[in-house]
Amino acid sequence: MEPEVVVVGSANVDLVLPVQRIPRPGETVLAGGMTRGPGGKGANQAVASARAGARTAMVAALGDDDGGALLRDALGSSGVDLSLVSATATPTGTAIITVDDSGENSIVVAPGANGELSLSAAATAVVGVAKIVLAQLEIPFPTVQAAAAASSYFILNAAPAAELADELLADVDLLVVNETEAEAIAGADRSALLKKVPAAVVTLGAAGAVILTRGDDEIEVPGVPVDVVDTTAAGDTFCGVLAATLASVSATGAITTSDLTNAVRRANVAASLSVQAAGAISSVPHGEAIDARYAEVYL
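Numbering (our numbering), first residue to last: 1459 to 1757.
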């Protein structure tokens, strides 16, 4: 059966270091330990989409090493189709993540095999029939652009922050960015994003998100207050659940502003559940928990 959501993106081994506070430049701090687990924006988002209920496939590149095996196991056990995941001689990507006592984090990524990801003919064909295609910027820009051009509905999570060519943005149906990423693309006025894309979601951390669509007023979706443990995969959980939820409505016709608003609400709830647990993929909630909490918050 064809996937509803295809995630084109990165997969990393995460080395997580809990610290009292994130070090300043030139400063050394001691960590309270170290954990090793599967992560990467693409992998996190693919797992979030699958756990939220969408048939999900991932296009990724992994090293032929124990890190690649770790990621294959984590993705496969969450129901992600791995038929388009390639193996390379380059080591699997690695991220070093410091998480402070308030749950905030700082991340450095060594791309490794992610830097070799390209869109094969087989991957292009699957991307072309998926309801939703989701990508991020931890992979080569030409690969992102090829995925965008082949998609019927393309969501770009423009993270990490970068200036993006208008040629790439021309194929984006929905842009998902935080405030820093929005400023990198459109400057201080976030409404200027709509000069480049037809719709955008700007995430605001604990404050929630803002939806921008051409011809409509901004729609504010407040955050769901929780006690934060670790924010590492919150944004990725948001994106994956957003894609999965939009896939469930796209079969019935064009995605409306109302559809997008409901999807952002569900993604908000999922992110609020994610930050209450430690880790990346390990913190991504399942659909039953998301929908139960959604009913408490919105129904």
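Heads up, the beta-carbon is just placed ideally off N, CA and C, and yes, glycines get one too.
Exercise. Based on the DSSP output, what are the partners of Ser1536 in its beta bridges?
Worked result: Here residue 1536 refers to the residue found at position 78 of the sequence shown. In DSSP, Ser1536 forms no bridge with anything.
Problem set entry | Simplified DSSP state of Val1567, which is helix, strand or coil | For the purposes of this step, residue 1567 is identified with residue 109 of the sequence shown, where counting begins at 1. The answer is strand: DSSP assigns Val1567 an E or B state.
For this session: Leaving aside the five residues before and after Ala1547 along the sequence, list all residues of the same chain whose C-beta is less than 8 Å from its C-beta, in chain order.
Result: One-based indexing of the sequence shown puts residue 1547 at position 89. Gly1521 and Asp1522, listed in sequence order.
Exercise. What is the DSSP secondary structure of Pro1496, reduced to helix, strand or coil?
Worked result: To locate residue 1496, count along the sequence shown from 1; it is residue 38. Strand.
Exercise. Which class does Thr1714 belong to by DSSP, given the choice of helix, strand or coil?
Worked result: Stepping through the sequence shown from its first residue, residue 1714 is reached at position 256. It is coil, neither helix nor strand.
For this session: For Arg1648, decide whether its Cβ has a neighbour in chain C, counting only Cβ atoms nearer than 9 Å.
Result: Reference to chain C is not applicable here, since this structure consists of a single protein chain.
Exercise. With 16 as the cutoff for other CB atoms within 10 Å, does Met1492 come out buried or exposed?
Worked result: What you label residue 1492 is simply residue 34 of the sequence shown in a count that begins at 1. Burial call: exposed.
Exercise. Can you tell me whether DSSP reads Leu1651 as helix, strand or coil?
Worked result: By 1-based counting over the sequence shown, the position of residue 1651 is 193. Of the three classes helix, strand and coil, the one that applies to Leu1651 here is helix, per DSSP.
For this session: Assuming Pro1481 contacts Gly1490 (C-beta within less than 8 Å), just tell me the rounded distance between them.
Result: Position 23 of the sequence shown holds residue 1481. Position 32 of the sequence shown holds residue 1490. Incorrect: roughly 14 Å between the Cβ atoms, too far for contact.
Problem set entry | Pick from Leu1592, Thr1556, Ile1555 and Ala1605 that is closest to Ser1576, judged by C-alpha positions | Position 118 of the sequence shown holds residue 1576. Among Leu1592, Thr1556, Ile1555 and Ala1605, the Cα nearest to that of Ser1576 belongs to Ala1605.
Exercise. Hey, how far is the Cα of Asp1688 from the Cα of Ser1609?
Worked result: Translated into positions along the sequence shown, residue 1688 becomes position 230. Translated into positions along the sequence shown, residue 1609 becomes position 151. Going from the Cα of Asp1688 to the Cα of Ser1609 covers about 33 Å.
Problem set entry | Own chain residues within Cβ distance below 7 Å of Ser1732, not counting five before or after | In the sequence shown, residue 1732 corresponds to position 274, counting from 1. Answer for Ser1732: Ala1691, Ala1692, Thr1695, Ser1741, Val1742 and Pro1743, listed in chain order.
Exercise. Taking the alpha carbon of Val1699 as the point to measure from, which residue in Glu1754, Val1464, Gly1663 and Ala1506 has its own alpha carbon closest?
Worked result: For the purposes of this step, residue 1699 is taken as residue 241 along the sequence shown, with counting starting at 1. The shortest C-alpha separation from Val1699 is found at Ala1506.
Exercise. If you follow the beta strand (DSSP E) that Thr1546 is part of, which residue opens it and which one closes it?
Worked result: By 1-based counting over the sequence shown, the position of residue 1546 is 88. Unbroken beta strand (DSSP E) run through Thr1546: Val1543 to Thr1546.
For this session: Return the chain-ordered list of same chain residues with a C-beta closer than 7 Å to the C-beta of Val1822, the five sequence neighbours on each side being excluded.
Result: Coverage of the chain is limited to positions 1459 through 1757, which leaves residue 1822 absent and any answer about it impossible.
For this session: Ignore the nearest five residues each way along the sequence and tell me which others in Ala1616's own chain have a CB closer than 7 Å to its CB.
Result: Counting from one through the sequence shown, the residue named residue 1616 turns up at place 158. Around Ala1616: Leu1595, Leu1622, Leu1633, Val1635, Glu1639 and Ile1643.
For this session: Let me know the secondary structure DSSP gives Pro1656 once reduced to three states.
Result: The residue given as residue 1656 occupies position 198 in the sequence shown. In the structure shown, Pro1656 sits in coil (DSSP, three-state: anything other than H, G, I, E or B).
For this session: Determine the contact status of Ala1501 and Leu1529, defining contact as a CB-CB distance below 9 Å.
Result: Along the sequence shown, read from residue 1 onward, the residue named residue 1501 stands at position 43. Along the sequence shown, read from residue 1 onward, the residue named residue 1529 stands at position 71. For Ala1501 and Leu1529, yes; Cβs fall inside 9 Å.
For this session: Name the residue from Ser1544, Ala1510, Gly1551 and Leu1542 whose alpha carbon lies nearest to the alpha carbon of Asp1472.
Result: Reading the sequence shown from its first residue, position 14 is the one you call residue 1472. For the residues Ser1544, Ala1510, Gly1551 and Leu1542, the minimum Cα distance to Asp1472 belongs to Gly1551.
Problem set entry | Coil, strand or helix - Asp1523 by DSSP | The residue labelled residue 1523 in the question sits at position 65 within the sequence shown. Coil at Asp1523, not helix or strand.
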